[in-house]
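Presented below is the structure to which this report refers.
Protein chains: 2
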Amino acid sequence: MQGGARSRTRTEGMNAGGKVPAGTGRTEAAPGKKARSLAALGYTKPRTYEELRAVLSSGTVHFPKRLRQVAIFLWQHPGDVALSTIVQVAEQAGVQPSTLVRFAKIFGYAGFSDLQELFKDHVKGSLPEGAAREGPGNDAAETGEHGHFLTGMVGASRASLARLDGDFDFGGFDTMVEQLAAAELIYVVGSKRAFPVATYISLTLSQQGVRNVLVDNVGSNAFDQVACIGKRDAVLAISFSPYNSITPDLVAVASQRQARIVTITDSTFSPLVELSDTWLEVVESDFAGFRSLAASLAVGMALVHGVAVRRSE
Amino acid sequence: MQGGARSRTRTEGMNAGGKVPAGTGRTEAAPGKKARSLAALGYTKPRTYEELRAVLSSGTVHFPKRLRQVAIFLWQHPGDVALSTIVQVAEQAGVQPSTLVRFAKIFGYAGFSDLQELFKDHVKGSLPEGAAREGPGNDAAETGEHGHFLTGMVGASRASLARLDGDFDFGGFDTMVEQLAAAELIYVVGSKRAFPVATYISLTLSQQGVRNVLVDNVGSNAFDQVACIGKRDAVLAISFSPYNSITPDLVAVASQRQARIVTITDSTFSPLVELSDTWLEVVESDFAGFRSLAASLAVGMALVHGVAVRRSE
DNA sequence: GCGCATTTCGAACATTATTTCCAATTTTCA
DNA sequence: TGAAAATTGGAAATAATGTTCGAAATGCGC
């Protein structure tokens, strides 16, 4: 995930040897000369949390008392390690902060912070919203870089879709289908990023024989269109942050005219929420600022299908 | 949460997640008199993550632009907030660190760190702890009939994306980027199912500062638009089977006028293939006749990104 | 029990993160 | 449209966190 930008700030200029005042003439290049490092024992610094766990549990390394204490604590409380400061971890593990640093160095890390990154990444990954992202820093173009970006975009799409597995408001979804199916005419509204979703929904609705109006604001007549809406009609609005499009204004008009309002949006802060009879939260991940629409489209299709089925009953 | 909303007849059945009991306790004396704090507005500093979420979603607080941005980010990425530093959070949310501090203070916290504690506690609490078992198989059967369709649609999207991992023509992709980047003006063409893809590509191109024309056939002037195309321009055409739209006809005109033609389509049988300088095959899966657009959009975004990068060199 | 090697401790130090403050900007209201 | 208020960006100041290093303690073999 944000590996690039993040670990850069962390690790650079951090090398332990670099602080020695010039003039001592110490050879600092040689790693693990004095301190017993695992590299000397044929190990390599674990790059992921799982690797670290494997090494810890392998039992091949025999630690002295305090360091063993540390190993056990890391094993049993990864969450605390990820979320606390070195002092807090030391306290809970019953050791000194410096012991933690030593422990990290034995494994070849620059320090505790370096080791902690592993835990943070792990926790982030096992969290529902683990998304694909990238810092703005690395825009250097390489032939393979385009492919890399495609991979990132696919990752963002996958993350968006995964979020639908977790907590999706199926109750709200069903209500929404009801209300849309009951409507005389469905107005589909969505601008900017939401416009592709709106067009696809409108198209598939039509293909299913469900009459609908795509409010596309061609000729700037969107407001006039919406001003014709009736009480028995419904608006399906799609809107994402930042909420600076005309969609909220259009929906406000429809709301005044007492049409049913159902909304797909990405947070409770959407101005559409308070105008809506029903709304669904669909959060899309982005990669380098390019947002996926995969989840919104999937939900949109599901709505269309639901309405079509309901109408045919 | 939305309990505070005026007694409109339309407040039932809202709320996506069905989360958050709002249990704000007693009113604590307001410490700050200078900054506009919520305490002054009759609120008290939320003591748990759930309380904070409740306040955020209540909609009773109206934030200015940047602060709203913060609220949305906190809402959508609690994990990142818990695990990152203030600078990292600020970067990802697109605001200044100081804005985060200000935000925290409005709610009565001492600073960002204070607020962050809430997020840390929350994450800690929702962690299995001790275990690292990754269980992706959340097959809750409560999804009902409509939910089943959503699952199918998500599956189709995933399948489409997975196809990009396998055999994707990166060479053709790079050529395509070159040709689009070299063009004076890019015409984006796509009808029916391909139209959402075309609109999103056009939008993001514009956002990247790449001038382009979306040939949407409003006013039936698509042919006249294309008839103006020059030798140094390029057409980005998107077309899927059945190939019965006007896209091939439009592209044929552009081809005669010797513009570069690059195409995203779903088989070698597409009439666009023989008209194109370069083309990419992107196959979308469908579920119950509803086709995903996930892969096409991902490829489209990658193209836009590639062109933007190439142009900025 | 003695001396050597290893481990641990804890305070001094270096680095990084957070907060504060003020000027610049935008918005609001008359 | 202009003045006042509110909001925001940015850098300096402050606080916190992490790291280093020498001295003390511990364990171990002889």
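So the protein lines, in turn, are chains Z and H. For the first sequence, the numbering used here gives the first residue as -12, with consecutive numbering after it. For the second sequence, the numbering used here gives the first residue as -12, with consecutive numbering after it. Even for Gly, the Cβ is constructed at its ideal location relative to N, Cα and C.
Inset, instruction - Return the chain-ordered ranges of every alpha helix (DSSP H) run that is complete within the segment 46 to 106 of chain H and spans a minimum of 4 residues. - result: 52 to 63, 65 to 70, 73 to 80, 84 to 93
Inset, instruction - Would you identify the three-state DSSP class for H/Phe160, choosing helix, strand or coil? - result: In the second sequence, residue 160 of chain H corresponds to position 173, counting from 1. Helix, per DSSP.
Legend entry - Three-way DSSP call (helix, strand, coil) for H/Gly217 in this model: Counting from 1 along the second sequence, the entry for residue 217 of chain H is found at position 230. Looking at H/Gly217 - three-state DSSP - the assignment turns out to be coil, as it is neither helix nor strand.
Legend entry - Z/Ala246 - DSSP class collapsed to helix/strand/coil: As a working mapping, residue 246 of chain Z is identified with position 259 in the first sequence. Z/Ala246 falls in the coil class under three-state DSSP.
Legend entry - Cα-Cα separation between Z/Ala185 and Z/Gln212, rounded to whole angstroms: The sequence position of residue 185 of chain Z within the first sequence is 198, counting from 1. The sequence position of residue 212 of chain Z within the first sequence is 225, counting from 1. Using only the alpha carbons, I get a separation of about 16 Å.
Inset, instruction - Could you tell me whether the segment 224 to 232 of chain Z touches the segment 170 to 189 of chain Z, using the rule of 3 or more Cβ pairs below 8 Å? - result: yes
Legend entry - For H/Ala27, the three-state DSSP class (helix, strand or coil): The count along the second sequence starts at 1 and reaches residue 27 of chain H at position 40. In this prediction, H/Ala27 scores a pLDDT of 46, lower than 50, which makes its location untrustworthy; no coordinate-derived value is stated.
Inset, instruction - Whole angstroms is fine: what's the gap from H/His292's alpha carbon to Z/Ser144's? - result: For the purposes of this step, residue 292 of chain H is taken as the residue at position 305 of the second sequence. For the purposes of this step, residue 144 of chain Z is taken as the residue at position 157 of the first sequence. Cα to Cα, the separation comes out at about 16 Å.
Inset, instruction - With distances taken Cα to Cα, identify the nearest neighbour of H/Asp264 among H/Asp253, H/Val249, H/Ala69. - result: To locate residue 264 of chain H, count along the second sequence from 1; it is residue 277. It is H/Val249.
Legend entry - Cutoff 8 Å: H/Leu25 Cβ touching any chain Z Cβ: To locate residue 25 of chain H, count along the second sequence from 1; it is residue 38. With a pLDDT of 48 at H/Leu25, under the threshold of 50, the modelled position of this residue cannot be trusted; read the value that follows with caution. No, H/Leu25 does not count as interfacial toward chain Z.
Legend entry - Residues that Z/Gly177 bridges to, as DSSP identifies them: Locating residue 177 of chain Z in the first sequence gives position 190, where the first residue counts as 1. Z/Ile225, per the DSSP bridge assignment.
Inset, instruction - My understanding is that Z/Val222 touches Z/Ala246, with C-beta atoms under 8 Å, so please give their C-beta distance in whole angstroms. - result: If you number the first sequence from 1, residue 222 of chain Z lands on position 235. If you number the first sequence from 1, residue 246 of chain Z lands on position 259. Contact holds; Cβ gap of about 6 Å.
Inset, instruction - Compare the C-beta of H/Pro183 against all C-beta atoms of chain Z and say whether one is closer than 8 Å. - result: Sequence index remark: in the second sequence, residue 183 of chain H carries index 196 (1-based). By this cut-off, H/Pro183 is an interface position.
Inset, instruction - Please look up how many angstroms separate the CB atoms of Z/Ala289 and H/Met140, rounded, as I've assumed it's under 8 Å. - result: By one-based count along the first sequence, residue 289 of chain Z stands at place 302. By one-based count along the second sequence, residue 140 of chain H stands at place 153. 5 Å between Cβ atoms; contact.
Inset, instruction - Please report how far the alpha carbon of Z/Val110 lies from the alpha carbon of H/Tyr187, in whole angstroms. - result: In the first sequence, residue 110 of chain Z corresponds to position 123, counting from 1. In the second sequence, residue 187 of chain H corresponds to position 200, counting from 1. For Z/Val110 and H/Tyr187, the distance between alpha carbons rounds to 34 Å.
Inset, instruction - Measure from the C-beta of H/His109 to each C-beta in chain Z and report whether the shortest distance is under 8 Å. - result: If you number the second sequence from 1, residue 109 of chain H lands on position 122. No, no contact with chain Z.
Legend entry - Closer than 7 Å at the beta carbon, the chain Z residues around H/Leu280: The residue you call residue 280 of chain H lines up with position 293 of the second sequence. Those are Tyr187, Leu284, listed as they occur along chain Z.
Legend entry - Contact set for H/Ala168: own chain, Cβ-Cβ below 6 Å, skip 5 residues either direction: As a position in the second sequence, residue 168 of chain H is number 181, starting the count at 1. These residues qualify, in order along the chain: Val294, Arg297, Arg298.
Inset, instruction - Please determine, among Z/Ser279, Z/Leu39, Z/Leu237, Z/Tyr230, the residue with the shortest C-alpha to C-alpha distance to Z/Ile93. - result: Along the first sequence, one-based indexing puts residue 93 of chain Z at 106. Of the candidates Z/Ser279, Z/Leu39, Z/Leu237, Z/Tyr230, the one whose C-alpha sits nearest the C-alpha of Z/Ile93 is Z/Leu39.
Inset, instruction - Could you please give me the residues that DSSP links to Z/Val202 through a beta bridge? - result: As a first step, residue 202 of chain Z is located in the first sequence; it is residue number 215 there, counting from the start. The partner list for Z/Val202 (beta bridge, DSSP) reads Z/Val176.
Legend entry - C-beta neighbour in chain H for Z/Leu223, strict 8 Å: The residue labelled residue 223 of chain Z in the question sits at position 236 within the first sequence. No, Z/Leu223 does not count as interfacial toward chain H.
Inset, instruction - Give a yes or no on whether 8 Å exceeds the smallest Cβ distance from Z/Val176 to chain H. - result: One-based indexing of the first sequence puts residue 176 of chain Z at position 189. So, not an interface residue.
Inset, instruction - Measuring only between beta-carbons, confirm whether H/Thr255 sits less than 8 Å from chain Z. - result: Residue numbering aside, residue 255 of chain H sits at position 268 when the second sequence is read from its first letter. It does not: the Cβ of H/Thr255 has no partner Cβ on chain Z nearer than 8 Å.
Legend entry - C-beta contact flag for H/Tyr174 and H/Ile233 at 8 Å: For the purposes of this step, residue 174 of chain H is taken as the residue at position 187 of the second sequence. For the purposes of this step, residue 233 of chain H is taken as the residue at position 246 of the second sequence. For H/Tyr174 and H/Ile233, no; Cβs fall outside 8 Å.
Legend entry - Spatially closest choice to H/Trp62 from H/Thr191, H/Ser44, H/Ser242, H/Asp220, by CA coordinates: The sequence position of residue 62 of chain H within the second sequence is 75, counting from 1. For H/Trp62, the nearest C-alpha among the options comes from H/Ser44.
Inset, instruction - Compare the beta carbon distance of Z/Val42 and Z/Pro51 with 8 Å and say whether it is the shorter of the two. - result: As a working note, residue 42 of chain Z is residue 55 in the first sequence. As a working note, residue 51 of chain Z is residue 64 in the first sequence. No, Cβ-Cβ distance for Z/Val42 and Z/Pro51 is not below 8 Å.
Inset, instruction - Let me know if Z/Thr35 comes out buried or exposed under the rule of 16 or more other beta-carbons within 10 Å of its beta-carbon. - result: As a working note, residue 35 of chain Z is residue 48 in the first sequence. Exposed.
Inset, instruction - Taking only beta-carbon positions, decide if Z/Ala69 is within less than 8 Å of chain H. - result: Taking the first residue of the first sequence as position 1, residue 69 of chain Z is located at position 82. It does: the Cβ of Z/Ala69 has a partner Cβ on chain H nearer than 8 Å.
Legend entry - Integer Cβ distance of Z/Asp156 from Z/Leu267, believed to fall under 8 Å: Here residue 156 of chain Z is taken as the residue at index 169 of the first sequence, counted from 1. Here residue 267 of chain Z is taken as the residue at index 280 of the first sequence, counted from 1. With 8 Å as the limit, Z/Asp156 and Z/Leu267 qualify as a contact, their Cβ atoms being about 6 Å apart.
Legend entry - Three-state class that DSSP yields for H/Ile188 in the structure shown: Sequence index remark: in the second sequence, residue 188 of chain H carries index 201 (1-based). Helix at H/Ile188.
Inset, instruction - Determine, using beta carbons only, whether H/Ser(-6) comes closer than 8 Å to chain Z. - result: By one-based count along the second sequence, residue -6 of chain H stands at place 7. Residue placement at H/Ser(-6) is flagged as unreliable, the pLDDT there being 29, under the threshold of 50; the coordinate-derived value follows with that caveat. Not an interface residue.
Legend entry - Proximity below 8 Å, CB of H/Leu56 to CB of H/Val82: The count along the second sequence starts at 1 and reaches residue 56 of chain H at position 69. The count along the second sequence starts at 1 and reaches residue 82 of chain H at position 95. Before going further, note that residue 56 of chain H is Gln rather than Leu in the sequence given. For H/Gln56 and H/Val82, yes; Cβs fall inside 8 Å.
Inset, instruction - Have a look at H/Asp67, H/Glu78, H/Gln75 and flag the residue whose alpha-carbon is nearest the alpha-carbon of H/Leu105. - result: Taking the second sequence and counting its residues from 1, one reaches residue 105 of chain H at position 118. That would be H/Asp67, whose Cα lies nearest to the Cα of H/Leu105.
Legend entry - Pairwise C-alpha distance: Z/Glu171 and Z/Val200: Counted from its first residue, the first sequence places residue 200 of chain Z at position 213. Counted from its first residue, the first sequence places residue 171 of chain Z at position 184. Whole-angstrom Cα-Cα distance: 11 Å.
Inset, instruction - Say whether chain Z places a C-beta atom closer than 8 Å to the C-beta of H/Arg53. - result: Counted from its first residue, the second sequence places residue 53 of chain H at position 66. It does not: the Cβ of H/Arg53 has no partner Cβ on chain Z nearer than 8 Å.
Inset, instruction - Go to H/Leu267, then tell me how far its beta strand (DSSP E) extends in each direction, as first and last residue. - result: To locate residue 267 of chain H, count along the second sequence from 1; it is residue 280. Unbroken beta strand (DSSP E) run through H/Leu267: 265 to 268.
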